[in-house]
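The sequence shown maps to residues 696 to 1183 in the working numbering. Cβ coordinates follow ideal geometry from the N, Cα and C atoms, glycine included.
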Amino acid sequence: MTAATAILLAIALPLAAVPLIALARNRPDLRESVSLAAAAATAAAAWSLLPEALSGERAAVEVFRFLPGLSIRFEVEPLGAMFAALASLLWIVSTVYSIGYMRGNAEQHQTRYYIFFAIAIGSTMGVALAGNLLTLFLFYEALTLSTYPLVAHHGDERARRGARTYLFILLATSIGLLLPAIVWTWSVAGTLEFTAGGVLEGRITDGLAAVLLLLYVLGTGKAAVMPVHRWLPAAMVAPTPVSALLHAVAVVKAGVFTITKVVIYVFGLEFLAHVPAEKLLVWLAGFTVVAASIVAMRQTDLKRLLAYSTVSQLSYIVLAALVLAPLSEIGAAIHIVAHAFGKITLFFAAGAIYVASKKTDVMQLSGIGLRMPWTMAAFAIGALSMIGVPPTAGFVSKWYIIAGAFQLDNYFVLAVLVASTGLNAAYFLPIVFRAFFRPEVAAPAKEHGEAPWPMVAALAFTAAMTVAFFVFNGPVVELEYGILGRPR
């Protein structure tokens, strides 16, 4: 199978599964088997692109050309290959988890759920493998539209209200800010291709470049940089597997992925280093890291706490990308992986707790570690990764981000990382302590143990991957050195 074929299959297979899932709506076992088969086939196609990316080759396929330099085009490059491989792997895990969650919680409209989940993954593959800004924008919008029904899944007023907030903010930022930024880039550079070293140097003044970068950062609402972050906690009305999709597999990762690609392949590190106003965005990202952590400390609803934790963790990636040091760019890419494994584990655990005990409040979790030891052990691993404690994936990405900050003597970034690490510990560790070392306040309404086994299997796998990445991160690090156009 050629790389071009694998690119097209990675995007087309999730979409091809949609009519098959719909036809199997009255046969749940077949419907879910189709979803799993599509996820596995998509992962096979996406993972087959990794050797191409590691070799330094950038295979591409152009589907349709509007004008010279303006086309629907897909390309394999290190950052996109990593994102595609990660999202496709987590689609398999999320599908296994969803089987346990949707059945165990007796959710309505399960066929619709699997259909839009598949469309969202296909859109994510398009974002990951986009060869230019136009292609990325089209699939970025498709991802927003396909996840709206998932956020509104429960259909009650609270779900509809949260979904409207989700849709309005993401469309307003992308159409009002991101699209003008793309058009502006086209007008000054004459191309929208992702190019090593960027396409803007010598074509735009430093002052205007700062304005353009601001449009990109705030226009990419999925990155949830304050003040365009409110869609993310609003979307917590969705079922927990959807929350996992939003936070770990697709949506927020599409946001920080877009900003990282724009910094590296549209602006270029050397050009941005001479744009003084770029530092203001470093301060904005740093403020988001700390402020969101402070807000998370005040939450008692577990999913809202995790939502604000995500806002903070996403700005780690934005902050690292904007530091402009080579090691920090590697750290930004690695944190996409580290956060994905850690945060999906936390959301999987939250969903398992809800299905087994119907508990959503942090204060209700006293002693639950004795009833759900697998779930809460996985939660503890995910929490330690968010804090950045070895031996977890979060330590690896923080190491590279800190090393990048030292490369440029950026003490503001170092201060942000120290403060946020303390804040993360302040709101995660008490939950773990309460679960394992506090007695139950009162006997539960009904005796319960772990959630259905597919949920426990999924969260145990992602927790194991969170630890394994601490040891076996070499191939990812080697791959991501390719975004700098240099060997490790």
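Backbone secondary structure at residue i - three-state DSSP
i: GLU973; result: helix
i: TRP1146; result: First, the amino acid is wrong: residue 1146 is Ala here, not Trp. In the structure shown, ALA1146 sits in coil (DSSP, three-state: anything other than H, G, I, E or B).
i: ASN1119; result: helix
i: LEU1109; result: helix
For residue j and residue i, the rounded distance between their alpha carbons
i: SER1080; j: VAL1091; result: 9 Å
i: ALA738; j: ALA705; result: 7 Å
i: PRO1019; j: TYR1106; result: One detail in the question is off: residue 1019 reads as Leu in this sequence, not Pro. If I take the Cα positions, the gap works out to 14 Å.
i: LEU829; j: LEU1124; result: 43 Å
i: PHE889; j: LEU1060; result: 47 Å
i: VAL1006; j: GLY914; result: 16 Å
i: ILE864; j: THR842; result: 13 Å
i: ALA1163; j: ALA1088; result: 8 Å
i: PRO773; j: ILE954; result: 15 Å
i: PRO875; j: ALA1152; result: 45 Å
i: ILE794; j: PRO1149; result: 7 Å
i: ALA991; j: GLN1008; result: 11 Å
i: VAL951; j: LEU895; result: 20 Å
i: GLU1175; j: ASP851; result: 43 Å
i: ALA1044; j: LEU1154; result: 7 Å
i: PRO1182; j: VAL1050; result: Reliability of the predicted coordinates at PRO1182 is poor, the pLDDT of 48 falling under 50, and no value is obtained from them.
i: THR868; j: LEU1014; result: 20 Å
i: ILE676; j: HIS848; result: The shown model of the chain, from 696 to 1183, leaves out residue 676, and the question about it has no answer.
i: PHE1101; j: VAL1113; result: 13 Å
i: ALA891; j: GLY963; result: 7 Å
i: VAL756; j: THR697; result: 11 Å
i: LEU1017; j: ILE1031; result: 15 Å
i: ARG1129; j: ILE877; result: 48 Å
i: SER818; j: PRO1068; result: 36 Å
i: ALA717; j: ALA815; result: 15 Å
i: VAL662; j: LEU838; result: With the chain running from 696 to 1183 in the structure shown, residue 662 is simply not present.
i: SER1115; j: PHE761; result: 46 Å
i: LEU887; j: GLY1062; result: 55 Å
i: ALA801; j: LEU1103; result: 53 Å
i: LEU765; j: GLY1064; result: 55 Å
i: LEU785; j: ILE1029; result: 16 Å
i: ALA1158; j: GLU1173; result: 23 Å
i: PHE832; j: VAL822; result: 8 Å
Residue i: first and last residue of the uninterrupted beta strand (DSSP E) it sits in
i: GLU770; result: 765 to 770
i: PHE759; result: 755 to 762
Cutoff 6 Å; reference residue i; Cβ partners in own chain excluding five residues on either side
i: ALA776; result: LEU744, LEU745, ALA748
i: LYS1093; result: GLY1083
i: ALA904; result: VAL970
i: PHE811; result: SER841, PRO844, LEU845
i: ALA1075; result: VAL1127
i: ASN1168; result: VAL1091
i: TYR861; result: VAL846, TRP926, ALA929, ALA930
i: VAL883; result: ARG898, ILE899
Where the alpha helix (DSSP H) containing residue i begins and where it ends
i: ALA1020; result: First-last for ALA1020: undefined, no H or E at that position.
i: VAL1091; result: 1088 to 1102
i: GLY800; result: Residue identity check: residue 800 is Asn in the sequence provided, not Gly. Unbroken run through ASN800: none, as it is neither H nor E.
i: ILE816; result: 805 to 823
i: ASN1168; result: First-last for ASN1168: undefined, no H or E at that position.
i: ILE702; result: 698 to 718
i: SER730; result: 723 to 742
i: GLU747; result: 745 to 749
i: ILE1063; result: 1063 to 1066
Own chain residues within Cβ distance below 7 Å of residue i, not counting five before or after
i: ALA740; result: ALA701, LEU704, ALA705, LEU708
i: LEU1179; result: PRO1021, GLU1024
i: THR995; result: ASP1056, VAL1057, MET1058
i: PRO928; result: ARG999, ALA1002, TYR1003
i: LEU725; result: ALA719
i: ARG1066; result: HIS1143, GLY1144
i: VAL958; result: LEU967, ALA1016, LEU1017
i: THR806; result: ILE716, ALA717, ARG720, ARG726
Cutoff 8 Å; reference residue i; Cβ partners in own chain excluding five residues on either side
i: LEU979; result: VAL912, VAL920, MET921
i: ALA968; result: LEU1019
i: ARG855; result: ALA847
i: ALA699; result: ALA754, ALA755, VAL756
i: ALA1120; result: ILE1082
Quick one: complete beta strand (DSSP E) runs, 3+ long, within the segment 930 to 1004? The DSSP assignment places no complete run of the beta strand (DSSP E) inside the segment 930 to 1004 (cut-off: 3 residues).
List in chain order: all unbroken alpha helix (DSSP H) runs of 4+ residues lying wholly within the segment 833 to 902. Secondary structure in the segment 833 to 902: the alpha helix (DSSP H) runs of 4 residues or longer, each lying completely within the stretch, are 852 to 868, 874 to 884 in chain order.
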